[in-house]
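Residue numbers (the numbering used here), protein chains in the order written: chain A, 6 to 584; chain B, 101 to 227.
Where a beta carbon is used, it is the ideal one built from N, C-alpha and C, also for glycine.
Presented below is the structure to which this report refers.
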Amino acid sequence: MIFLRDRRTAGFIEFGLIVTCVVLFVATGLLYVSQARQQALLTATVRSSGWVAYQGQLEFVKAEAAFSKVTPAPTAQGLGNLLLRMEILRSRLPLLYDSDEGRVLSDVVDTKGLTQPLETLLDQVIAEIETLDPDDGATTRRLEALHGRLLPLGEALQRILMESVAYNQEIFRRERAVAEAPEVVSLVLLFITGGCLVLLLLLQGRRDRVRLREIVDAKAAITAMEENLRAVIQAVPACVAVVDPDTGHATFINSNAAALVAATPDDAAWPGFVRAVRDAAGEPVGGCWGTLTMAYTRSTGDIVSLRGSICSVLWQQRPQQLIVLADTTRVRSAELQVMQAAKLATLGEMATAIAHELNQPLAVIKMAVANARRLLDPLPGGEGVMAKLERISAQVDRAKRITDQVRRYGRMPSEQLQPFSLRHAVDLAVGFIAEQYRAANIRLTIDANVPIEALVLGEQTMFEQVIVNLLINARDAFDAGRAGLCARQVTLALYREGDQLVVSVEDNAGGVAEDMLPRLFEPFATTKPTENGTGLGLSLARSVVRDMNGSISVQNVGGGARFLVRLPLLPSAEARDAA
Amino acid sequence: MTEPRTMLICDDEEELAHELGEYFTSAGWEVEVCIAAAAAIDRLQRFPAPQVLITDLRIGPVDGREVVAAARALPKDGPPPMIVIITGHVMNSAVAADFDSDTLCVKPIDPEELSAAIESFLRLPPT
Numbered sequence: 006m007i008f009l010r011d012r013r014t015a016g017f018i019e020f021g022l023i024v025t026c027v028v029l030f031v032a033t034g035l036l037y038v039s040q041a042r043q044q045a046l047l048t049a050t051v052r053s054s055g056w057v058a059y060q061g062q063l064e065f066v067k068a069e070a071a072f073s074k075v076t077p078a079p080t081a082q083g084l085g086n087l088l089l090r091m092e093i094l095r096s097r098l099p100l101l102y103d104s105d106e107g108r109v110l111s112d113v114v115d116t117k118g119l120t121q122p123l124e125t126l127l128d129q130v131i132a133e134i135e136t137l138d139p140d141d142g143a144t145t146r147r148l149e150a151l152h153g154r155l156l157p158l159g160e161a162l163q164r165i166l167m168e169s170v171a172y173n174q175e176i177f178r179r180e181r182a183v184a185e186a187p188e189v190v191s192l193v194l195l196f197i198t199g200g201c202l203v204l205l206l207l208l209q210g211r212r213d214r215v216r217l218r219e220i221v222d223a224k225a226a227i228t229a230m231e232e233n234l235r236a237v238i239q240a241v242p243a244c245v246a247v248v249d250p251d252t253g254h255a256t257f258i259n260s261n262a263a264a265l266v267a268a269t270p271d272d273a274a275w276p277g278f279v280r281a282v283r284d285a286a287g288e289p290v291g292g293c294w295g296t297l298t299m300a301y302t303r304s305t306g307d308i309v310s311l312r313g314s315i316c317s318v319l320w321q322q323r324p325q326q327l328i329v330l331a332d333t334t335r336v337r338s339a340e341l342q343v344m345q346a347a348k349l350a351t352l353g354e355m356a357t358a359i360a361h362e363l364n365q366p367l368a369v370i371k372m373a374v375a376n377a378r379r380l381l382d383p384l385p386g387g388e389g390v391m392a393k394l395e396r397i398s399a400q401v402d403r404a405k406r407i408t409d410q411v412r413r414y415g416r417m418p419s420e421q422l423q424p425f426s427l428r429h430a431v432d433l434a435v436g437f438i439a440e441q442y443r444a445a446n447i448r449l450t451i452d453a454n455v456p457i458e459a460l461v462l463g464e465q466t467m468f469e470q471v472i473v474n475l476l477i478n479a480r481d482a483f484d485a486g487r488a489g490l491c492a493r494q495v496t497l498a499l500y501r502e503g504d505q506l507v508v509s510v511e512d513n514a515g516g517v518a519e520d521m522l523p524r525l526f527e528p529f530a531t532t533k534p535t536e537n538g539t540g541l542g543l544s545l546a547r548s549v550v551r552d553m554n555g556s557i558s559v560q561n562v563g564g565g566a567r568f569l570v571r572l573p574l575l576p577s578a579e580a581r582d583a584a
Numbered sequence: 101m102t103e104p105r106t107m108l109i110c111d112d113e114e115e116l117a118h119e120l121g122e123y124f125t126s127a128g129w130e131v132e133v134c135i136a137a138a139a140a141i142d143r144l145q146r147f148p149a150p151q152v153l154i155t156d157l158r159i160g161p162v163d164g165r166e167v168v169a170a171a172r173a174l175p176k177d178g179p180p181p182m183i184v185i186i187t188g189h190v191m192n193s194a195v196a197a198d199f200d201s202d203t204l205c206v207k208p209i210d211p212e213e214l215s216a217a218i219e220s221f222l223r224l225p226p227t
């Protein structure tokens, strides 16, 4: 197994293998053709060249045989036969070098060089044989001599034959080798080609595996990303829904969307919701919708304000629409509250200004009444008018009280709140009121369970006024006639509740009329006779307590009313240091 | 032998100024009424100072403290022995000293209370 980190190198090797395969294929083909041709050539060569040498040798042997036959007893017929043999031999010799076969043979052995000198010798022998007389007694001896002269020719022919045979044997051997070789070579080439193919397959397989792993990794990454995306969408503090653009059915919703519209995407509420969103979004401009604001009535009947956007997305390979909406109900509500507060602040300023301006005509009336009374005084019978003047003066005083309260109520809350001891402030307020309680025969019980060091943050004088108001209200409640016959009793309790300090003022004067309870702290809500109350005391108290980040409430308990003022406890200096 | 009781009232609220003047006139005071700050300052600088100066704090566009300052600056016979500020525009926390006056009255004024305060301040026998 070849480990290739470099894909480019792998590519080169693959290309090389392909080229090798092609080259080897062509080479195998060429080899086959060339071997076939060579074999044919060799076959021809072997046959012809061997045949020529063999024929030469054969004729020589025949000539020798003729010699041997005629030499012991020379006859005319024998000599004629010998001559014929010698002539045939002579005609054979040129074939050894001057024929197609002989030329092939001369490549192996110098046939021309060997035979040509012997041809002359043979010619001489032939010429002598022609001169022989069978009846001559010397013929036998001369034949033997001639025979002896032919020996070199025999040797030469023998050599040529031997060389030819050896050559042929060599050629046969090579032919056999060649005949065997193609199998080996082809086999080798086949193996190489096969090896190349296997390598190719391995490389391809490896590359495919790598690619597959990459694809699998990429898919895993996409899956993980999708999971992360889902988690993010779930965690987003907004309603996120993926909806089908055609049917309006939800494909995916997050928990906020589920809580807002319906728990499951299959719910029938979704198409209606999607329609409402699309209506709010209007027509898309260039495939995009802008920010949309809408109100949606939930199945519970609550109306929520929503703000967000809609856009086209590809969700799980399908074109979908993504709706993202934030619940702005609280923001809207807060905006409305701010607007309301601003309106109230303006109203407060106007009220203060009106109170100031009213003081001017009130002052004139007051002065005019005083002068009228003085003018009327010496005149007889003016008692009735005097009573009316008294009433006018009293009503001016009442109006003045109202304008005073309004001016106090409409004051700007101080930004410089100071820490002060709650118990100390309550003590001061009680000291202010104690005499009035004694005069009204009311038993005032103080139940202070808060240390003198416990601090709250605010304007102490204003807070004292709050306690005074509550105590005066309690006192006045006894005069309102709702009290039973039991002893007049007011309990002022101070205690701590968690991080809060609570001031409780409780009377047994019969309680507040139920219909008054919800709006008791609203301006001009009063249970007192018009001569005593302005209807602003409790409203002012609420304003002061709120400035101190506290709250004030009322409830009817037993035989009376209980006012609770809750204020955040300011951590003591030690506690602050410790923190 | 009692000295004539003299008083200068300065308030652009004409009806109030006149009612106030009428009240104190009937109580035996020699009262002059000015409904403009300039007239009051002019009066203070040309004639002997009254015993009591009663001025509004907001006389049209003019600050009543200018009238008080003019009175305090009188060289000849000295400033009026008593200066009273009457106003409908002052905060509850304000005191007379804030305006360099001897008494601060918030409108609507109770004339009897004011009269008593003046007599007490100047140690005059009650009328």
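Taken through DSSP and simplified to helix, strand or coil, A58 of chain A comes out as helix. Within chain B, E119 have C-beta atoms less than 7 angstroms from the C-beta of A373 of chain A, given in sequence order. Neighbours of S126 of chain B across chain A, judged by C-beta separation under 9 angstroms: N376, R379, L380. If you look at S111 of chain A, you'll find it in the alpha helix (DSSP H) that goes 105-111. For N474 of chain A, there are no neighbours in chain B by C-beta distance under 9 angstroms, as the nearest C-beta there is about 15 angstroms away.
Along the stretch 252-313 of chain A, the beta strand (DSSP E) occurs as fully enclosed runs of 3 or more residues at 255-258, 297-302, listed in sequence order. By the criterion of a C-beta distance shorter than 6 angstroms, A498 of chain A is surrounded in its chain by D452, S509, once the five residues flanking it on both sides are discounted.
DSSP places M553 of chain A outside both helix and strand once states are collapsed to three, so it counts as coil. Around the beta carbon of C491 of chain A, a 10 Å sphere encloses fewer than 16 other beta carbons of the protein chains shown; the residue is thus reported as exposed. Neighbours of P211 of chain B in chain A, taken as residues whose beta carbon is under 7 angstroms from its own, are M372, A375 in chain order. Against L224 of chain B, chain A offers no close residue; the least beta-carbon distance is about 19 angstroms (beta-carbon pairs closer than 8 angstroms).
The C-alpha of T33 of chain A lies about 13 angstroms from the C-alpha of G199 of chain A. Neighbours of E115 of chain B across chain A, judged by C-beta separation under 7 angstroms: V369. Per DSSP, the unbroken alpha helix (DSSP H) holding I370 of chain A starts and ends at 334-381. Between the alpha carbons of Y102 of chain A and L119 of chain A lies a distance of about 10 angstroms.
Listed along chain B, the residues sitting closer than 7 angstroms to N364 of chain A by beta-carbon distance are G188, K207, P208. By the criterion of a C-beta distance shorter than 8 angstroms, P77 of chain A is surrounded in its chain by T145, once the five residues flanking it on both sides are discounted. Residue pairing by DSSP leaves Y37 of chain A without any beta bridge partner. Shown here, M107 of chain B sits in a strand according to DSSP, grouped into three states. About 14 angstroms separates the beta carbon of L157 of chain B from that of A171 of chain B, a gap too long to meet the 8 angstroms contact definition. Interface annotation for the stretch 383-401 of chain A against chain B: V401, criterion Cβ-Cβ distance under 7 angstroms.
By the criterion of a C-beta distance shorter than 8 angstroms, L100 of chain A is surrounded in its chain by V57, Q60, G61, E106, G107, once the five residues flanking it on both sides are discounted. In this structure, L574 of chain A and R501 of chain A form a Cβ contact; the two beta carbons are roughly 7 angstroms apart against a cut-off of 8 angstroms. Along the length of the stretch 195-219 of chain B, whole beta strand (DSSP E) runs at least 3 residues long occupy 203-206, reported in chain order. With 16 or more other Cβ atoms from the protein chains shown falling within 10 Å of its own Cβ, D512 of chain A counts as buried. By the Cβ rule, the stretch 113-131 of chain B counts as touching the stretch 363-374 of chain A, because three or more pairs are nearer than 8 angstroms. Counting along the chain, the unbroken beta strand (DSSP E) around M182 of chain B starts and ends at 182-187. Membership of L569 of chain A in the beta strand (DSSP E) is indicated by the continuous run 565-573.
Distance from the Cα of A68 of chain A is smallest, within the candidate group A:E92, A:L46, A:A81, A:A45, for A:E92. Using a CB distance cut-off of 7 angstroms, E122 of chain B counts as an interface residue toward chain A. For Y442 of chain A, the uninterrupted alpha helix (DSSP H) run begins and ends at 427-444, by DSSP. By the Cβ neighbour-count rule, S548 of chain A is buried, with 16 or more other Cβ atoms within 10 Å of its own. In the pairwise beta carbon analysis, the stretch 173-183 of chain A is classified as not touching the stretch 124-140 of chain A: fewer than three pairs are separated by under 8 angstroms. Annotated three-state conformation of Q321 of chain A is coil, per DSSP. Around K405 of chain A, the beta-carbon contacts reaching into chain B at under 8 angstroms are P208.
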